[in-house]
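Data block below; observations after.
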Amino acid sequence: MKDKIQNLIFYCFTALLAISIAYWVKVLPDHTIAVFLYPHAKITEIFYNTSLLYVKGIGYSSIDGTFAIGRECMGIKFIVMLFGMTACMFVKHFKRFQKVLWCMVSLAGAILIGIFISCIRIIGSIPLVSHPKFPLFHSSIGISLYFLALMLSYALLNRLFRSDHHEKVI
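Residue numbers (my numbering): 1 to 170.
What follows is the structure in structure tokens.
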């Protein structure tokens with residue numbers, strides 16, 4: 001019973017932390033967004049051998065203004081979802097202080113995976129930027145990548161923890 005109460009407290013803490021992170025990123029000042037978007041911009045510059053400039057209020061923009069990497073491109077909603085899923089789904093495997101460590105590992109892992117998947121999304125979308133249905137393609141690429149990453153993360157962690165033996169992992 002005590003473990004279930006600890007888990008419930010952990011779930012509430014995780015939800016509060018996830019909501020706080022999502023809100024915090026929404027209200028971040030522009031200069032902080034420039035720092036957070038830097039990995040996305042740098043990887044895009046390297047991949048496409050181009051230069052991006054930071055434009056206040058917009059984000060990193062291509063020299064010709066064809067595309068921009070803005071606040072929404074960080075994948076914060078995905079990071080929050082991945083953090084919530086990994087933290088809450090696997091906390092049952094930890095005791096006391098280990099739960100807090102698992103929370104920190106889940107957040108750090110979600111951030112790293114989020115940056116990686118967001119970069120893939122950006123790199124995959126840039127060739128389609130001149131297409132009239134670009135927003136649809138960009139959203140579809142994002143949804144597909146984020147969903148696949150959530151499924152793979154769950155499957156990998158489920159296998160790692162060998163939990164839910166009755167559940168078949170795809």
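Heads up, the beta-carbon is just placed ideally off N, CA and C, and yes, glycines get one too.
Assigned with DSSP and collapsed to three states, Val-91 falls in helix. With a cutoff of 8 Å on beta-carbon distance, Ile-21 and Val-80 are scored as near each other. Judged by DSSP secondary structure, Ser-125 falls within the alpha helix (DSSP H) whose first and last residues are 97 to 125. Counting C-beta atoms within 10 angstroms of its own C-beta, Gly-114 has 16 or more neighbours from the protein chains shown and is therefore classed as buried.
Closest option to Gly-109, judged by alpha-carbon separation, among Leu-156, Phe-47, Thr-50: Leu-156.
In the DSSP assignment, Leu-28 is bridged to no other residue. When rounded, the separation of the alpha-carbon atoms in Leu-82 and Met-89 is 10 Å. Only exposed fits Met-1, as fewer than 16 other CB atoms lie within 10 angstroms of its CB. DSSP, read as helix, strand or coil, puts Gly-142 in helix. In terms of Cβ geometry, Ile-117 and Tyr-146 form a close pair [threshold 8 Å].
Cys-73 sits buried, since 16 or more C-beta atoms from the chains shown fall within 10 Å of its C-beta. With fewer than 16 other CB atoms across the displayed protein chains lying within 10 angstroms of its CB, Arg-162 is exposed. Around the beta carbon of Arg-121, a 10 Å sphere encloses 16 or more other beta carbons of the protein chains shown; the residue is thus reported as buried. A direct Cα-Cα distance of roughly 31 Å separates Tyr-23 from Ile-63. Taking every protein chain shown into account, the CB of Phe-97 has fewer than 16 other CB atoms within 10 angstroms, so this residue is exposed.
In this structure Ile-69 is buried. Its beta-carbon is surrounded by 16 or more other beta-carbon atoms within 10 angstroms.
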